[in-house]
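S.K.:
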């Protein structure tokens, strides 16, 4: 955090530029740190086991599928100077917006979250989404698994900017829905999403097989009414 | 429903074979009728707009991605005679189980749901799933969007057989989770899933943009704190 570029990022002030762009494998270290912070925020670090290697292998396979056809991470970064104009990346043109900071924002993590694309930009958040499907509509949609903004940068419309970017892309791709989940006690988040036009479905509950309960099905071909479970493996 | 093959299917009796296999585009007419029945069962026919053309285009694109890497439909069919041995289809070997019917099952829809693969087999259900992602685990999983068994064939362990098939495949692929949704008032289904080893998460709620609320984001690049909405389109 001693370089000039880092110092300029630590105290962004006045006009700054926010950009949402498609990630690539160079973003993996930042993505891992953001997911780690999200686990801390949700007090779920005991469930966190992502490594740079496992994130690279699962989020950035080779060859890379087009964005929004598989797991897709968008990066939100801020810069004290305008971003260079960039071309559409697999059909997604970066979304840029200018912010006006009334007072300097102290970002003690700015050095750690330097953008791999340089230019003094700092990564401040991410959104991870992937296609889902509605059989009634016979249309794909997008499911937002994670949306996260680092603490120093919250309450500035950046989460909204990311969710709107996903919704816009879904609409442009002719998709039918954008869906995500919220905790029922998080009334502020629910109010925020409803103001953005979301419907919160009260009656559906998520069911999950994981861990040993999932592994038990490796060998289980038959139900309880069937013959003995297959033993061929 | 006048052919000999149809007649034999209409009153399956004694030993019958159940098979779960990967679908292909020849299954589209049956898949559409099954989704239509599901909409009727859920009293949501006003949301049903799937056509054979839209299902074909979205579920069976060309080239076909490998199963379980994108939207994947498994077909459940029954036959009075053993199924011919088939090879793994994109890595998924059909799962076959013998059922013993104590009394004949009258299936008035058997003719309509004849299997496109012939042999007197009748399609009785389907499951539609696609990959989801856990960032904490840095692992893909499978999300079960639909699981449906036609009315004549319920309460015979066939739904369980399909869900177990998906869970087994997720475990074999090294995935971290299988997830799906259930209505909170459907206590029988919740009990059934819990007996199968599922955890039902009480606190998460699904949020959704759809219809006009989603379309509104086509033009909306900026949040309310930003400058005027982009008008470039």
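Residue numbers (the numbering used here), protein chains in the order written: chain A, 744 to 976; chain B, 744 to 976. Using N, Cα and C, we set each Cβ at its ideal position, and we do this for glycine too.
#1: Just tell me which of 934/A, 918/A and 923/A has its CA closest to the CA of residue 958/B.
#2: Strictly under 7 Å for the Cβ-Cβ distance: is residue 896/B near chain A by that measure?
#3: Once the 5 residues before and after residue 759/B are set aside, which same chain residues still bring their CB inside 7 Å of it?
#4: Threshold first: 4 residues or longer. Then list the alpha helix (DSSP H) segments lying entirely within the stretch 786-835 of chain A, N to C.
#5: Given this structure, state the Cα-to-Cα distance separating residue 810/B from residue 862/B, to the nearest angstrom.
#6: Closer than 7 Å between beta carbons: that is the criterion. Which residues of the stretch 796-830 of chain A meet it against chain B?
#7: Residue 857/A by DSSP, collapsed to three states: which one?
#8: Compare the Cα-Cα distances from residue 767/B to each of 761/B, 879/B and 814/B and report the closest residue.
#9: How long is the line joining the alpha carbons of residue 802/B and residue 853/A, rounded to whole angstroms?
#10: Residue 852/B by DSSP, collapsed to three states: which one?
#11: Between the C-alpha atoms of residue 1055/B and residue 877/A, what's the straight-line distance to the nearest angstrom?
#12: Determine the chain B residues that contact residue 832/A at a beta-carbon separation under 7 Å, and present them in chain order.
#13: With 8 Å as the C-beta to C-beta threshold (strictly closer), list the residues of the stretch 857-880 of chain A near chain B in chain order.
#14: Given a limit of 7 Å on CB to CB distance, which residues of the stretch 937-948 of chain B reach chain A?
#15: Provide the residue span of the beta strand (DSSP E) that contains residue 954/A, from first to last.
#16: Mind pulling the chain B residues with CB within less than 7 Å of residue 934/A?
#17: Just checking: is the beta-carbon of residue 961/B within a distance shorter than 7 Å of some beta-carbon in chain A?
#18: Looking at chain A, is there any beta carbon in it that lies within less than 7 Å of the beta carbon of residue 957/B?
#19: Roughly how far, in whole angstroms, is the beta-carbon of residue 946/A from the beta-carbon of residue 926/B, given that I think they are within contact range, below 8 Å?
#20: I want to see whether chain B comes within less than 7 Å of residue 835/A, judged by CB atoms only; does it?
#21: Thinking just about the alpha-carbon of each residue, which of 940/B, 763/B and 894/B is nearest to the one in residue 830/B?
#22: At a CB-CB cut-off below 9 Å, which residues of chain A make contact with residue 910/B?
#23: Below 6 Å CB to CB, which residues in the same chain sit around residue 761/B once its five sequence neighbours on both sides are set aside?
#24: In terms of residues, what are the limits of the alpha helix (DSSP H) holding residue 931/A?
#25: Would you check if there are 3 or more beta carbon pairs closer than 8 Å linking the stretch 927-944 of chain B to the stretch 948-956 of chain A?
#26: Using a Cβ-Cβ cut-off of 8 Å (strictly less than) and excluding sequence neighbours within five positions of residue 781/A, which residues of its own chain qualify?
#27: Under a three-way DSSP split, which group does residue 767/A fall into?
#28: Could you give the residue range of the beta strand (DSSP E) that holds residue 920/A?
#29: Mind checking which residues open and close the alpha helix (DSSP H) that includes residue 902/A?
#30: Would you mind telling me which residues of chain B sit closer than 7 Å to residue 893/A, beta carbon to beta carbon, in chain order?
#31: When the distance is taken between beta carbons, is residue 848/A closer than 7 Å to residue 885/A?
#32: How long is the line joining the alpha carbons of residue 748/A and residue 819/A, rounded to whole angstroms?
#33: Would you decide whether residue 796/B is buried or exposed? Buried here means 16 or more other CB atoms lie within 10 Å of its CB.
#34: Spatial neighbours of residue 875/B within its chain, please: C-beta separation below 6 Å, excluding the five flanking residues on both sides.
#35: At a Cβ threshold of 7 Å, is residue 761/B touching chain A?
#36: Could you check whether the Cβ of residue 850/B sits closer than 7 Å to any Cβ belonging to chain A?
M.R.: The short version:
#1: Position 215 of the second chain, counted from the first residue, corresponds to residue 958/B. Closest by alpha carbon: 918/A.
#2: As a position in the second chain, residue 896/B is number 153, starting the count at 1. For residue 896/B, the answer is no, since every Cβ of chain A falls outside 7 Å of its Cβ.
#3: The residue you call residue 759/B lines up with position 16 of the second chain. Contacts found: 821, 822, 823, 842 and 844.
#4: Under the rule that a run must span 4 or more residues, the alpha helix (DSSP H) segments found entirely inside the stretch 786-835 of chain A read 795-802.
#5: Sequence index remark: in the second chain, residue 810/B carries index 67 (1-based). Sequence index remark: in the second chain, residue 862/B carries index 119 (1-based). C-alpha separation (whole angstroms): 24 Å.
#6: Residues of the stretch 796-830 of chain A that bring their beta carbon within less than 7 Å of a beta carbon in chain B comprise 797, 798, 801 and 814, in sequence order.
#7: As a working mapping, residue 857/A is identified with position 114 in the first chain. Of the three classes helix, strand and coil, the one that applies to residue 857/A here is strand, per DSSP.
#8: Along the second chain, read from residue 1 onward, the residue named residue 767/B stands at position 24. Minimum Cα distance to residue 767/B is reached at 814/B.
#9: The residue labelled residue 802/B in the question sits at position 59 within the second chain. The residue labelled residue 853/A in the question sits at position 110 within the first chain. Going by the C-alpha atoms only, they are around 44 Å apart.
#10: Start at 1 with the first residue of the second chain, and residue 852/B comes out as number 109. Here residue 852/B sits in coil by DSSP.
#11: With chain B covering 744 to 976 only, the question about residue 1055/B has no answer from this structure.
#12: Translated into positions along the first chain, residue 832/A becomes position 89. Those do not exist, as residue 832/A stays about 16 Å from chain B at its closest Cβ, beyond 7 Å.
#13: For the stretch 857-880 of chain A, the set of positions with a beta-carbon nearer than 8 Å to some beta-carbon of chain B reads 871, 873, 874, 875, 876, 877, 878, 879 and 880 in chain order.
#14: Listed in sequence order: 940, 941, 942, 943, 944, 945, 946, 947 and 948.
#15: Sequence index remark: in the first chain, residue 954/A carries index 211 (1-based). Per DSSP, residue 954/A belongs to no beta strand (DSSP E); it is in the alpha helix (DSSP H), 954-958.
#16: Start at 1 with the first residue of the first chain, and residue 934/A comes out as number 191. Under a criterion of Cβ atoms nearer than 7 Å, no residue of chain B is adjacent to residue 934/A; the nearest Cβ is some 12 Å distant.
#17: The sequence position of residue 961/B within the second chain is 218, counting from 1. A Cβ of chain A is located within less than 7 Å of the beta carbon of residue 961/B.
#18: If you number the second chain from 1, residue 957/B lands on position 214. Taking Cβ atoms only, chain A reaches closer than 7 Å to residue 957/B, which makes this a yes.
#19: Counting from one through the first chain, the residue named residue 946/A turns up at place 203. Counting from one through the second chain, the residue named residue 926/B turns up at place 183. About 5 Å separates the two Cβ atoms, so the contact holds.
#20: Against the first chain, residue 835/A aligns to sequence position 92. With 7 Å as the cut-off, residue 835/A does not count as an interface residue toward chain B.
#21: What you label residue 830/B is simply residue 87 of the second chain in a count that begins at 1. Nearest C-alpha to residue 830/B: 763/B.
#22: Mapped onto the second chain, residue 910/B falls at position 167. Under the 9 Å cutoff, chain A gives 952, 956, 957, 959, 960, 961 and 963.
#23: Along the second chain, one-based indexing puts residue 761/B at 18. 821, 840 and 842.
#24: Residue numbering aside, residue 931/A sits at position 188 when the first chain is read from its first letter. Segment 930-938, the alpha helix (DSSP H) holding residue 931/A.
#25: At 8 Å Cβ cutoff, the stretches touch.
#26: Counting from 1 along the first chain, the entry for residue 781/A is found at position 38. Hits under 8 Å: 889 and 891.
#27: On the first chain, position 24 is the one that residue 767/A refers to. Coil, per DSSP.
#28: For the purposes of this step, residue 920/A is identified with residue 177 of the first chain, where counting begins at 1. Following the DSSP letters along the chain, one finds residue 920/A inside the beta strand (DSSP E) bounded by residues 920-926.
#29: One-based indexing of the first chain puts residue 902/A at position 159. Annotation: the continuous alpha helix (DSSP H) that includes residue 902/A extends over 901-915.
#30: Position 150 of the first chain, counted from the start, is the residue given in the question as residue 893/A. Chain order gives no chain B residues near residue 893/A, where near means a beta carbon separation below 7 Å; the closest approach is about 15 Å.
#31: Working through the first chain from its first residue, we reach residue 885/A at position 142. Working through the first chain from its first residue, we reach residue 848/A at position 105. With a cutoff of 7 Å on beta-carbon distance, residue 885/A and residue 848/A are scored as not near each other.
#32: To locate residue 748/A, count along the first chain from 1; it is residue 5. To locate residue 819/A, count along the first chain from 1; it is residue 76. Confidence is the limiting factor: at residue 748/A the pLDDT is only 45, short of 50, which leaves the residue's position unreliable and the question unanswerable from this model.
#33: Translated into positions along the second chain, residue 796/B becomes position 53. Exposed, because fewer than 16 other Cβ atoms sit within 10 Å of the Cβ of residue 796/B.
#34: Your numbering for residue 875/B matches position 132 in the second chain. Residues of the same chain with a CB within less than 6 Å of the CB of residue 875/B, apart from the 5 flanking positions on each side, are 884 and 886 in chain order.
#35: As a first step, residue 761/B is located in the second chain; it is residue number 18 there, counting from the start. Not a single CB atom of chain A sits nearer than 7 Å to the CB of residue 761/B.
#36: As a working mapping, residue 850/B is identified with position 107 in the second chain. No, residue 850/B does not count as interfacial toward chain A.
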